[in-house]
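Heads up: the sequence shown is residues -2 to 199, going by this note's numbering.
Reviewing the structure listed below.
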Amino acid sequence: MAGRPREFDRDQALKTAMTVFWERGYEGTSMSTLVEALGLASARIYAAFGSKEALFREAVALYEAGEGGFADRAMREEESARQAIARLLNDAVLTYTKRGRPHGCLVVSAASSCAAENEAVADWLAEHRRQRTQSIIERLHAAVQSGELRQDTDIAALGDLYGALLHGISIQARDGISRARLQAMIAPAMLALDAAASGCRA
-2 MAGRPREFDR
8 DQALKTAMTV
18 FWERGYEGTS
28 MSTLVEALGL
38 ASARIYAAFG
48 SKEALFREAV
58 ALYEAGEGGF
68 ADRAMREEES
78 ARQAIARLLN
88 DAVLTYTKRG
98 RPHGCLVVSA
108 ASSCAAENEA
118 VADWLAEHRR
128 QRTQSIIERL
138 HAAVQSGELR
148 QDTDIAALGD
158 LYGALLHGIS
168 IQARDGISRA
178 RLQAMIAPAM
188 LALDAAASGC
198 RA
């Protein structure tokens, strides 16, 4: 009598897949890599998740609901735009250089070197990054409305600046730049926001 197949923990498989995609990127993660990492036959992976792309999209959603959700929390929870941006950058450095985890951001790292056949995935990831920058711009817009920033502040330029810095921190963390060096960038980066706030303070 054949033995029963071992129990399949879908949540744990998804967590493992997230780490693999985070380490290797979308293009660098083959189905054979997933089979080895998850300890499951490819047929079971397809049955549970549908496809490599569908599994990846779920992995990104898991990442953004957990470790990658620091940006949303910073934008939402801080009282001022300055506090929100400073927390965003600091939390990015801490998250992207966390010991025992892949360095950098999954959404940024996974997009590198996508081939033409994976253009849909690359476009989807690019849209995620655009949304992150847009959330910064919206937080800055609220700061203009509240009087924290001057009315003539170029919030699009500032948002693009901090969005680019956020993504740059991910790449530099991936390249092995130390946490201390990355944190040292935050104070000079905040000067642009401080300049926009001048004249608004009592």
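We put the CB at the ideal spot given by N, CA and C, even for glycine.
Because the structure is a prediction, the values reported are computed rather than measured.
Residue span of the alpha helix (DSSP H) that contains residue i, given as start and end
{"i": "Arg21", "result": "7 to 21"}
{"i": "Glu24", "result": "Looking at the DSSP string, Glu24 is not in any alpha helix (DSSP H), and its letter there is neither H nor E."}
Environment of residue i [buried if 16+ CB atoms lie within 10 Å]
{"i": "Gly173", "result": "exposed"}
{"i": "Gln169", "result": "buried"}
{"i": "Leu31", "result": "buried"}
{"i": "Ser48", "result": "exposed"}
{"i": "Leu103", "result": "buried"}
{"i": "Ser106", "result": "buried"}
{"i": "Met72", "result": "buried"}
{"i": "Ser132", "result": "buried"}
Cβ separation of residue i and residue j, assumed to be a contact under 8 angstroms, to the nearest whole Å
{"i": "Ala78", "j": "Glu145", "result": "6 angstroms"}
{"i": "Ser167", "j": "Gly101", "result": "4 angstroms"}
{"i": "Gly156", "j": "Leu137", "result": "6 angstroms"}
{"i": "Ala68", "j": "Leu91", "result": "Incorrect: roughly 12 angstroms between the Cβ atoms, too far for contact."}
{"i": "Ala14", "j": "Leu52", "result": "6 angstroms"}
(Q) Give the list of continuous alpha helix (DSSP H) stretches no shorter than 4 residues that lie fully inside the stretch 31 to 55. (A) Counting only runs of 4 or more, we get 39 to 46.
Q.
To test your reading of the DSSP string, which unbroken alpha helix (DSSP H) runs of 4 or more residues are found completely within the stretch 107 to 191?
A. For the stretch 107 to 191, whole alpha helix (DSSP H) runs of length 4 or above, ordered along the chain, are 116 to 143, 152 to 171, 176 to 181.
Q.
Quick check on the DSSP output: what are the complete alpha helix (DSSP H) runs of length 4 or more inside the stretch 62 to 105, in order along the chain?
A. Counting only runs of 4 or more, we get 67 to 74, 78 to 93.
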